[in-house]
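K.L.:
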Amino acid sequence: MGIGFTNAPGMIVAFLVAISFLVFFHELGHYLVARWCGIRILAFSLGFGPEIVGRTDKHGTRWKLCAIPLGGYVRFYGDEDAASRPDFAGVDAMPPEERAKTFNGAALWKRTLTVAAGPIANFLLAIAIFAVIFSVYGRGVSDPVVGEVVADSPAAKAGIQPGDIMMSLDGQKVGTFDAVVRYVSVRPGVPIHVTVERDGAPVDLTVVPERIEEQDQFGNAMELGRIGVVGTRDSGNFRVERYQPLEAIGQGALQSWHIVVSTYDYITNVFAGRMKADQIGGPVRVATMAGQMASLGIVAFANFAAILSVSVGLFNLLPVPMLDGGHLLFYVIEAVRGRPLSVRVQEFAFRIGLFLVLALMVFATWNDTIGRMG
């Protein structure tokens with residue numbers, strides 16, 4: 001039974017809950033490490049634009065909720081704006097004891113840790129969510145046994161037979177049928193070396209996944225690689241496994257890593273021309289999916305939030321000025337050169353970064369619009 005989140009107001013509520021939760025943890029990572037490093041923080045904001053409500057704590061940090069709930073920021077002492085662009089002239093004019101409290105005046109290792117803490121917080125949050133799901137609700141798994149082979153499919157042409165046990169793909173061992181699906185789905189058109197166990201002996205085969213378009217239960221189109229093997233509940237010994245807390249954390253970390261790898265594989269396939277870029281979505285798609293997952297229950301919504309948290313962490317690690325990854329790239333260059341890039345170069349890089357981020361937002365929104373029209 002649904003809980004009414006597939007209508008427009010419900011989708012908006014689910015989206016705001018999910019995105020605010022993830023943004024809060026991301027910015028909290030920056031905040032906590034900056035405080036530990038002795039960097040003064042001027043503002044901690046959920047959202048952008050006009051302030052709706054806020055308060056200033058005893059450390060002089062303004063905690064506020066703003067009108068546009070599509071992100072957030074931590075503004076450090078010595079920043080020119082919410083994007084953490086340094087106020088170079090202002091910082092240089094400060095006495096040394098004041099400059100030490102600014103972000104730009106802090107030691108390189110302190111700036112690096114502070115910036116990296118945001119994406120790391122998102123990854124840790126995802127691991128924690130997955131760990132709770134796996135320990136409390138468990139996870140459905142099945143052995144990598146082929147129950148059926150679709151006629152004229154890539155698997156049939158490669159010689160895969162019902163009853164085969166998938167042992168490895170391109171030399172990587174697989175322990176569950178989901179692992180097979182996950183590996184194949186992001187490799188359409190790419191030959192995969194498959195080792196199966198048949199009648200107790202290994203058999204080496206090569207299969208080339210075909211690119212197909214599927215729709216989920218909500219009608220969302222997905223472009224995937226498929227080889228045409230089906231795992232059945234009986235053949236795969238389907239079961240629900242629950243994990244002890246420490247093991248659940250390990251499984252949560254592994255699940256988060258799978259998302260990272262799948263995202264990287266998808267981007268690689270887009271640039272290689274094997275997959276379309278229409279899976280890159282913006283706020284509209286995220287809001288729609290949040291509502292859809294919420295309608296399926298708390299576990300589905302929590303799982304979606306964990307996946308989204310990994311995505312937020314990865315996005316912020318892109319080596320684009322304005323994003324955390326761009327700042328970290330500057331710090332790597334500074335460590336190699338022994339001094340930071342010039343003010344002129346950094347300001348130019350920030351303008352390029354702003355253009356790239358805006359271009360990606362426009363592209364994602366275009367995908368959202370085309371998807372809804374389709």
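With the UniProt record's numbering as the guide, the letters of the sequence shown map in order to residues 1 to 374. We put the beta carbon where it would ideally sit given N, CA and C, even for glycine.
1) Please tell me whether ILE120 and GLY71 are closer than 9 Å, where the distance is taken between their beta carbons.
2) Taking the straight line between their C-alpha atoms, what separation do you get for PHE330 and GLU27?
3) For ASP204, list the residues DSSP reports as bridge partners.
4) Assuming ARG75 is part of the alpha helix (DSSP H), what are its boundary residues?
5) Could you give the DSSP three-state label for GLN161: helix, strand or coil?
6) Residues in the same chain with beta-carbon distance under 8 Å from ILE24, minus the five sequence neighbours each way, listed in chain order, please.
7) Does DSSP put LYS58 in a helix, a strand or coil?
8) How many Å lie between ALA93 and GLY326 at the Cα?
9) Going by DSSP, name the residue or residues bridged to VAL230.
10) Considering only the beta carbon of each residue, do ILE165 and GLU197 sit closer than 9 Å?
11) Do THR206 and ALA158 have their C-beta atoms closer together than 9 Å?
12) Using only CA atoms, which one of THR232, VAL145, ASP143, ALA335 lies nearest to ARG111?
13) Excluding the 5 residues preceding and the 5 following LEU296 in the sequence, name in chain order all residues of the same chain whose CB lies nearer than 6 Å to its CB.
14) Counting pairs of beta carbons, one from the region 121-137 and one from the region 164-179, are three or more of them closer than 8 Å?
15) Do you know how far the Cα of LEU22 is from the Cα of ASP234?
16) Is it the case that the Cβ atoms of SER142 and PHE271 are separated by a distance below 9 Å?
17) Can you tell me which residues form a DSSP beta bridge with LEU169?
18) With which residues is GLY140 paired in a DSSP beta bridge?
P.N.:
In this structure, then:
1) Between ILE120 and GLY71, the C-beta spacing is not below 9 Å.
2) The alpha-carbon separation between PHE330 and GLU27 amounts to approximately 20 Å.
3) For ASP204, which the question treats as bridged, DSSP gives the partners THR195.
4) That residue, ARG75, is in no alpha helix (DSSP H); its beta strand (DSSP E) goes 62-76.
5) Coil at GLN161, not helix or strand.
6) In the sequence under discussion, the amino acid at residue 24 is Phe, which differs from the Ile named in the question. So the list reads LEU46, GLY72, once near-sequence residues are dropped.
7) coil
8) 26 Å
9) GLU148
10) yes
11) yes
12) Of all alpha-carbon atoms in THR232, VAL145, ASP143, ALA335, the one lying nearest the alpha-carbon of ARG111 is that of ALA335.
13) none
14) No: fewer than three Cβ pairs fall under 8 Å.
15) 39 Å
16) no
17) Listed as beta-bridge partners of LEU169 by DSSP are GLN172, VAL194.
18) VAL240
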